[in-house]
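This report refers to the structure that appears directly beneath it.
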Amino acid sequence: MSEPSSQKKARPRVLSVSINDLRTLRAAFMPFLRNAGLFVPTPNEYGMGDEVFLVVKLLGEEQYALAATVVWMTPAGAQSSRTKGVGVQFKGQDGAKLKDRIEELVVEATQQSAATHTL
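Position 28 of the sequence shown, counted from 1, bears residue number 28 in this note's numbering, the numbering being contiguous throughout.
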């Protein structure tokens with residue numbers, strides 16, 4: 001007997017984001033997740049645990065495409081005027097590559113701005 005269509009596993013939805021500056025990248029990066037992740041602003045509705053196909057363009061560089069899982073949701077009208085969107089956890093080798101590249105960019109930016117006249 002075949003499964004009813006409502007119980008068949010749906011193909012992951014595509015979620016894409018273009019991050020054009022380091023400040024935005026630092027705000028979106030979620031290093032505290034296992035394998036890391038990103039917060040992606042979106043008006044679309046997702047559920048916890050939803051599988052997505054994430055397409056990320058970093059600072060005008062090449063695109064990264066990878067599987068990810070929704071692990072965080074910020075609803076519309078959240079406190080402190082937070083942006084509606086989802087946090088996604090990276091999966092697989094492509095996720096590891098993206099995590100490594102984001103960490104390189106964030107560390108470089110931190111080192112460049114580390115020299116100040118005070119601290």
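Quick reminder that beta carbons are idealized off the backbone N, C-alpha and C, glycines included.
Next on the checklist: Are the CB atoms of Val-17 and Leu-33 within a distance shorter than 8 Å?
Outcome noted: no
Item to check | Simplified DSSP state of Arg-82, which is helix, strand or coil | outcome: coil
Next on the checklist: Here's the rule I'm using: 16 or more other beta-carbon atoms within 10 Å means buried, otherwise exposed. How should Ala-115 be labelled?
Outcome noted: With a pLDDT of 44 at Ala-115, under the threshold of 50, the modelled position of that residue is not reliable, and no figure is offered here.
Item to check | C-alpha gap between Phe-90 and Thr-83, whole angstroms | outcome: 21 Å
Checklist entry - Cα separation between Ala-76 and Glu-45? => result 10 Å
Next on the checklist: Starting from Thr-24, trace the beta strand (DSSP E) in both directions and tell me its first and last residue.
Outcome noted: Taken as a continuous stretch (DSSP letters only), Thr-24 belongs to no beta strand (DSSP E), being part of the alpha helix (DSSP H) at 22 to 28.
Item to check | Cβ pair Leu-54, Val-106 closer than 8 Å | outcome: no
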